[in-house]
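Novice:
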Amino acid sequence: MDDGDATVKAFSGVSYELVKNIPLSGHELDQDSRRVPDNGAYDPIAHLFYLGDRADELKKQGVKGSIEIVDLKNGKYVGNIETEGKNPAGLVLDPASSKLYVVMGDTSQVVVIDREKHAVLATWPITGGPEPHAVALDAAHHRLLIGSRVKRGHLYRPGKMVVMDSETGKVIDAIDSEGGVDEVVYDAPSKRVYYTGTTGFVEVFRQIDADHYERLGKAPTGGLPRRPSWCLN
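The opening position of the sequence shown corresponds to residue 128 in our numbering, with each subsequent residue numbered one higher.
Right, here's the structure in full:
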């Protein structure tokens with residue numbers, strides 16, 4: 128995690144103690160230039176953590192959002208990839224390739240990045256999802272499941288779950304959902320999608336097939352639930 132002090136902090140999952148504090152090189156910036164962390168994705172094979180740093184709230188002109196890369200095994204900063212846009216809000220890795228998918232909250236686009244080359248491969252519009260904030264991947268069926276807010280803020284209903292082909296960028300569907308999305312998780316064994324809304328519920332969808340989904344119901348969480356650490360068995 129990065130709590131805004133230009134470092135990535137790694138904590139033990141057993142003792143909850145801070146075990147590593149890794150500075151982000153080049154982030155020793157003044158208050159008006161420092162980006163704000165939002166979401167991240169971890170590659171357990173390469174031991175690399177990819178962090179989306181937002182610049183959409185900065186007053187300084189010309190500052191872009193970025194994907195910061197940290198080697199957690201060796202405790203060092205690797206580098207970054209600038210995004211054409213200021214708000215890299217949601218990230219997901221493709222375990223079968225070197226692709227990293229990033230949803231941009233300010234431009235309503237998916238940016239496809241090659242993790243090995245640190246290069247942008249494609250940019251796709253998210254039609255039907257004007258304020259994307261989270262994304263999950265169904266790798267077997269090549270589907271991105273994008274959680275989008277319809278208006279800026281946490282409390283507006285409904286939201287949207289946009290289903291996109293992860294190979295072509297084609298939007299398959301945009302389904303009404305709980306509002307104020309903060310996280311989307313796809314559980315492959317059960318073919319269920321868990322959609323966390325900050326309006327007070329986790330909404331659950333069932334995947335009928337790659338192109339069709341049904342709403343199963345909602346579990347109350349209380350107001351403004353934020354990003355959980357999911358462990359699905």
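All C-beta atoms in this analysis are idealised placements derived from N, C-alpha and C, irrespective of residue type, glycine included.
Every value quoted in this text rests on a predicted model; they were computed, and no experiment measured them.
With a threshold of 16 other CB atoms inside 10 Å of the CB of M128, please say whether the residue is buried or exposed.
Specialist: In this prediction, M128 has a pLDDT of 47, which is less than 50 and means its spatial position is unreliable; nothing more can be read from the coordinates.
Novice: Can you grab the Cα-Cα spacing for the pair P259 / I194, in whole Å?
Specialist: Looking at the two C-alpha atoms, the distance is approximately 17 Å.
Novice: Would you call the CB atoms of L220 and V197 closer than 8 Å?
Specialist: No.
Novice: For P257, name the three-state secondary structure that DSSP assigns.
Specialist: Coil.
Novice: Buried or exposed: C358, going by 16 or more other Cβ atoms within 10 Å of its Cβ?
Specialist: Because C358 carries a pLDDT of 45, less than 50, the predicted location of this residue cannot be relied on, and the following value inherits that uncertainty. So C358 ends up on the exposed side.
Novice: Would you call the stretch 262-269 and the stretch 299-307 touching, i.e. three or more CB-CB distances under 8 Å?
Specialist: Verdict: no, contact absent.
Novice: Among Y322, Y340, Y169, which residue has its Cα nearest to the Cα of A91?
Specialist: Past the edges of the chain, shown from 128 to 360, lies residue 91, and the structure says nothing about it.
Novice: Express the C-alpha separation of Y177 and H245 in angstroms, rounding to a whole number.
Specialist: So the alpha carbons of these two residues sit roughly 12 Å apart.
Novice: Are there 16 or more other CB atoms within 10 angstroms of the CB of E144, so buried, or fewer, so exposed?
Specialist: So E144 ends up on the exposed side.
Novice: Let me know if N148 comes out buried or exposed under the rule of 16 or more other beta-carbons within 10 Å of its beta-carbon.
Specialist: Classification of N148: exposed, given that the 10 Å Cβ count is below 16.
Novice: Restricting to Cα atoms, I'd like to know which of D241, P215, E243 is closest to V230.
Specialist: Here the closest residue by C-alpha is P215.
Novice: Does the beta-carbon of F138 have 16 or more other beta-carbons within 10 angstroms, so that it is buried, or is it exposed?
Specialist: By the 10 Å Cβ count, F138 comes out exposed.
Novice: Quick one, which of H339, V320, K213 has its alpha-carbon nearest V331's?
Specialist: Residue V320 is the option with its Cα nearest to V331.
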